[in-house]
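Chemist: Mind having a look at this structure? Questions to follow.
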Amino acid sequence: MLALGMLVAPAGLAWGQAASSAPFALPAPSSPSAVQFEARTFDYDRAEAEMHLRGDVRVWDATWTIRAQEAWLDLETREGRVLGPLQVDDGLSRVEGDSGRFEFGSRTGEVSDASAYYAPWRIRASEARLDEKRELWYRGAVFSSCSEGKLAEPKSADPHYHFRASRVHVRPKRYLVARNVRFYLGRVPLFYTPVLWKSLRPRRLLRTRFAPGYDRRNGPFTRTSTLYSFHPAMQGKLFLDYYSRPGFGAGNELQYFASEDGRGAAYGYAIRDDLTRTQRWALLGDHFQALSSTYSAQARLQAQSDPSFHNAYTRANSFRVTQQLVNSAALVRATGVTTTRLVYSRADDGDALRPTRFLKSSESSPRVDFQTAPLSPLRLPFLSVFRAFADNSYDRGRGFQQKSAGAGWEGTRTLVLARGLSLAPRVALEEAFLDRHEAPASFASTRTLSDVFVGHYEAGGTLRLSHRFGDTDLTETFRKRLKPDAIQMDAGAPDYGVEANLLSLAHGFRPSPRVYVRGESGFDFRRFREQAPGFRSRVQPMAGDLVVFLPRGWDLTVHEDYQLEEGNRTLLAQADWGDRRGRFLRFGLANIRPQERNLIVSQEAGWAPAHGEWQLSGALRADVRTHGGVKLHGAQLFEKELSLRKDFHDFHTLLVLRARPGGVGEVQFRLSLRTEPLDIWRRRVYTDYTGR
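Listed below in C-alpha cells is the structure:
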C-alpha cells in the first residue's frame with residue numbers, strides 16, 4: 000500500500016502469512032481464523048514478535064473489527080493493545096473508548112472509558128469487558144435513554160434523568176441488567192434498587208407503568224400495567240394492583256390480530272374485596288374468525304360478579320359501572336346471494352331488588368336467520384328479498400319460553416317520477432309459527448293459544464323530494480296482522496289487527512356549508528276498540544338536530560325531542576372549541592325524561608402553552624333542579640375534576656384530582672418513562688477512526 004509517499008505493507012496482509020518482499024516469515028497463528036489488518040505504516044520487532052501499527056488502523060477477523068490510530072499486535076500470543084481513541088464492532092455491539100486490550104484467540108477484551116448505544120439506551124462506563132459469547136460487562140456505568148446532555152462529563156449538561164450502577168450486563172438485542180442502581184433526576188438521587196432489568200428487543204417483552212393514587216373508598220392505591228408481547232400478532236397487559244382497603248387485585252388483557260381473518264381480545268380481573276368480604280371479578284371477550292371464504296365465527300363474552308363492579312378494575316370498559324351484560328356467539332355463512340346466521344344470545348340486567356346480582360332479561364338459544372340479497376327473479380321489474388328464521392327464545396316481559404319459526408318476502412322498487420322526485424314503494428308478507436302465542440283479548444288482557452300460525456302483511460313507501468332547500472321524505476308504514484290459523488284480518492282484536500299505520504315526515508337541509516338542520520315527526524292513524532287516542536298522543540315525537548360550525552373554531556350541536564302530550568323528552572346541547580391536547584372549552588347540557596326537572600350541566604376547560612409541554616384542565620358537572628322552564632331551584636355538583644399534564648423530554652406525567660358526592664374522592668398520579676429510540680439516535684453516525 001502506498002501512502003504519504005512511503006512503501007508500507009500491503010493492505011489486508013493476513014496474520015500468519017509473510018509479505019513477498021519481506022526477508023522474514025511470520026509465525027503461524029494458533030487459531031485457524033485469520034486476523035487481518037491495514038494501516039498507513041507499521042514496524043515489526045522480531046525479538047518481541049510484535050507489530051506496531053500507526054495511522055488509520057483497522058484490524059479485523061470473522062467477527063471483530065477494531066479501528067484506532069495506533070495499535071500493537073503480539074503475533075505469538077495473538078493479543079492486541081490500543082492507546083488512544085478506538086472503536087470495537089462485533090456485529091452486535093459497537094463500543095468506543097480511550098484504550099483497550101484484546102485476545103483474538105479467545106475473542107475477549109477490555110475497553111477503558113467505554114461508551115456504547117443499545118437502542119434506546121446510552122451507556123458510559125469506566126471499563127467494558129467483552130466475552131466470548133459477545134456479551135458485555137460494564138463497570139462503574141452511567142446509562143440513560145435521554146438524548147440530551149452527555150453522560151459523566153462534568154462540564155456538559157446532564158441528561159434529564161440517568162441511572163448509575165456498579166455493574167451492567169448487556170446481552171445485545173436481548174436485555175440489559177444493572178446491579179446496585181441509583182436513579183437520578185438531573186443531579187438529584189430519587190431511589191435505589193438492587194437490580195434493574197430492561198428489554199433490548201425491538202418489540203419489548205415487558206413494559207411496566209405505575210399509577211399511584213388515592214380515593215376515599217379504596218384509600219391509597221397503586222395500579223400497575225405491564226405490557227408484554229410474545230408474538231408480533233399478540234399483545235397483552237398484566238394488571239397487578241394494590242388498594243389499601245379492598246386489598247390486592249390482579250387481571251390480564253390479551254389482544255391478538257393474526258390477520259383480517261382472525262382477531263379478538265380477552266380480559267379478566269379479580270379482587271378479594273375486604274370491604275364487602277366478597278370475591279369480585281369480571282370477564283370480557285370478543286373474537287372473530289374467518290373459517291373459509293364463506294364461513295366465519297364470532298363471539299362476545301361479558302360476565303361479572305355484580306352490577307356495581309367499577310371500571311377502575313375493569314379497565315377495558317369505558318363505562319364506570321355496567322348494568323347490563325350481553326353475551327353472544329354466532330356462526331355465519333355468507334355468499335354473494337345469501338346470508339345464514341346461527342346465533343346464541345343472552346342479555347342480563349341488574350336486579351333492582353337485589354343490587355348484587357343480575358337477572359336474565361332475554362335469551363335466544365339458538366336462533367337461525369336466513370336472508371337473500373336483493374334479487375330480481377324471472378326479470379321482474381322489482382327487487383325481492385326472502386327471509387326465514389327459527390328461534391327458541393325467552394323474554395322476561397313475556398315470562399315464558401317460546402319456540403317460533405317463519406318465512407317472509409319483501410319487494411321494493413324505486414321510481415323516478417320527475418327531476419328531484421322519486422317514489423320507493425314497499426310490500427312485505429310474513430308467516431310465522433308459534434308454539435305459544437298471547438293473542439290480545441282486550442286492551443289489558445290476552446288469551447293463550449298453542450301451536451298456531453300467524454301471518455302479517457305490510458305495505459308502504461317513501462316519497463322523496465330533493466330541492467335546493469334540502470331533502471324531504473314522506474314515509475307511510477302500514478302493517479296488519481291476520482287471525483291465528485286463518486287467512487282473515489284480525490278485525491275482532493282490540494287494535495283491529497292493525498299493528499302500525501304511521502305517516503312520518505323528515506326534512507334535512509344545509510343552508511350553508513357551516514350549518515346542517517334536520518327535523519322529523521309523524522302521525523299515528525291507528526284506531527282502538529276500547530280507547531280513542533287524542534290528537535296530541537297521535538302526533539309522534541318531533542325531533543330536531545342542529546349542527547353549526549361557527550367561526551374561530553367553535554362547534555355547536557343541539558338535539559331536541561318533544562312530544563305534545565309528554566312535553567320535552569330529550570334536550571342535548573354541546574358547544575366545543577379547541578383541541579383536547581391543547582387549549583379547549585366544552586359546554587354541555589342534557590335534560591332527559593323521566594328526570595325532566597333536572598338539567599345535567601357539564602363544563603370542561605383546558606389551557607396549554609404554545610409549545611404544548613404541559614396542560615392544565617378541569618371539569619365541573621352539576622345536576623341543576625328546576626321548577627320548569629328556566630326557573631332554577633338548586634344545584635348539586637356531582638363531579639369535580641382537575642388534572643395537570645406535563646410532558647418532559649423523557650417523561651409523561653399526569654396528576655388527576657377527582658371528587659364526587661358521598662365522600663368519594665380520588666387522587667391519581669401517573670408517571671410514564673419514555674424509552675423509545677429517538678430520531679437523533681436513529682440517525683446517529685459513529686466516528687470513523689480511519690479518517691475516511
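0 is the number of the first residue of the sequence shown in numbering that gives the first Met the number 0; add one for each residue after it.
C-beta: ideal position from N, C-alpha, C; glycine also.
I'd like the list of long-range same chain contacts for S465, defined as Cβ closer than 7 Å, with 5 residues on each side in sequence excluded.
Modeler: Closer than 7 Å at Cβ, skipping near neighbours: G419.
Chemist: With H, G and I counted as helix, E and B as strand and the rest as coil, what does DSSP make of P550?
Modeler: Three-state DSSP puts P550 in a helix.
Chemist: Do you know offhand how far C145's Cα is from L175's?
Modeler: Approximately 16 Å, taken between the alpha carbons.
Chemist: From G611 to G581, what distance separates their C-alpha atoms?
Modeler: Between G611 and G581, the C-alpha separation is close to 6 Å.
Chemist: Looking at the unbroken alpha helix (DSSP H) that takes in F534, where does it start and where does it end?
Modeler: Segment F534 to R537, the alpha helix (DSSP H) holding F534.
Chemist: Starting from N567, follow its DSSP beta bridges and name the residues at the other end.
Modeler: The partner list for N567 (beta bridge, DSSP) reads Y561.
Chemist: Please list, in chain order, all residues of the same chain as V547 whose beta carbon is under 6 Å from its beta carbon, the five residues on each side excluded.
Modeler: Answer for V547: V514 and L555, listed in chain order.
Chemist: Report the option in R170, Y242 and R208 whose CA atom is closest to the CA atom of E665.
Modeler: Taking only the C-alpha atoms, the option nearest E665 is Y242.
Chemist: Would you say G521 and L501 are within 8 Å of each other, going by their C-beta atoms?
Modeler: Yes, Cβ-Cβ distance for G521 and L501 is below 8 Å.
Chemist: Output the boundary residues of the beta strand (DSSP E) element that contains V497.
Modeler: That run of the beta strand (DSSP E) goes V497 to S511.
Chemist: As an exercise, report each continuous beta strand (DSSP E) stretch of at least 3 residues that is fully enclosed by the stretch 259-330, in chain order.
Modeler: Correct list: 261-272, 277-289 and 294-303.
Chemist: Considering only the beta carbon of each residue, do V325 and A346 sit closer than 8 Å?
Modeler: Yes; because the gap between Cβ atoms is below 8 Å, this pair is in contact.
Chemist: Among the candidates L352, R340 and S375, whose CA atom is the shortest distance from the CA of S364?
Modeler: Cα-wise, what sits closest to S364 is R340.
Chemist: Could you check how far apart the C-beta atoms of G54 and A38 are, in whole angstroms? I think they sit under 8 Å.
Modeler: Contact flag correct, Cβ pair sits at about 6 Å.
Chemist: Which two residues bound the contiguous beta strand (DSSP E) that contains I65?
Modeler: Note, I65: beta strand (DSSP E), T64 to D73.
Chemist: According to the Cβ coordinates, are F668 and P211 closer than 8 Å?
Modeler: Yes, they are a contact pair.
Chemist: Relative to the alpha-carbon of Q234, which residue among P219, L570, Y266 and F452 has its alpha-carbon at the smallest distance?
Modeler: The candidate whose alpha carbon is nearest that of Q234 is Y266.
Chemist: Which partner residues of H51 appear in the DSSP bridge assignment?
Modeler: In the DSSP output, where bridge partners are listed per residue, H51 has D42 and W71.
Chemist: Whole alpha helix (DSSP H) runs in the stretch 368-403 with 4 or more residues, listed along the chain?
Modeler: Counting whole runs of 4 or more residues, the stretch 368-403 contains no alpha helix (DSSP H) stretch at all.
Chemist: I believe Q86 touches R93 by the beta-carbon criterion, under 8 Å. Please report the beta-carbon distance rounded to the nearest angstrom.
Modeler: Rounded, the Cβ-Cβ distance is 7 Å, consistent with contact.
Chemist: Along the chain, where does the beta strand (DSSP E) containing H168 start, and where does it finish?
Modeler: Y160 to R170 is the extent of the beta strand (DSSP E) around H168.
Chemist: Is the beta carbon of Y137 closer than 8 Å to that of R166?
Modeler: The answer is yes: Cβ separation under 8 Å.
Chemist: Looking at the unbroken beta strand (DSSP E) that takes in M233, where does it start and where does it end?
Modeler: Per DSSP, M233 belongs to the beta strand (DSSP E) from M233 to Y242.
Chemist: In three-state terms, what does DSSP make of H610?
Modeler: Residue state, collapsed to three classes: coil.
Chemist: Helix, strand or coil: which one does DSSP assign to I591?
Modeler: Here I591 sits in strand by DSSP.
Chemist: DSSP on A179, reduced to helix/strand/coil?
Modeler: One point to set straight first is that residue 179 is Asn, not Ala, in the sequence displayed. Reduced to three states, the DSSP call for N179 is strand.
Chemist: Could you tell me which of S327, S375, R378 and Q323 sits nearest to A351, measuring between CA atoms?
Modeler: It is Q323 whose Cα lies nearest to the Cα of A351.
Chemist: CB-CB under 7 Å to K154, same chain, minus the five flanking residues each way: which ones, in chain order?
Modeler: With a pLDDT of 49 at K154, under the threshold of 50, the modelled position of that residue is not reliable, and the figure given next carries that caveat. Once the five neighbours on either side are set aside, K154 has no close Cβ partner at all.
Chemist: Grab me the residues of F647's own chain with a C-beta within less than 7 Å of its C-beta, minus the 5 sequence neighbours each way, in chain order.
Modeler: Excluding residues within five positions, the ones whose Cβ falls inside 7 Å are H159.
Chemist: Checking the sheet assignment: what are the DSSP bridge partners for R77?
Modeler: According to DSSP, R77 bridges with nothing at all.
Chemist: Can you give the beta carbon distance from S143 to R121, rounded, assuming they're within the 8 Å contact cut?
Modeler: Their Cβ separation, rounded to whole angstroms, is 6 Å, which keeps S143 and R121 in contact under 8 Å.
Chemist: With a threshold of 7 Å on Cβ separation, who are the neighbours of G435 within its own chain once the five nearest residues in sequence on each side are excluded?
Modeler: First, the amino acid is wrong: residue 435 is Arg here, not Gly. The residues are F399, Q401, T447 and S449.
Chemist: Going by DSSP, name the residue or residues bridged to Q602.
Modeler: According to DSSP, Q602 bridges with F586 and L619.
Chemist: Just the C-alpha distance for P373 and A329, rounded to the nearest angstrom, thanks.
Modeler: The straight-line gap from Cα to Cα measures roughly 23 Å.
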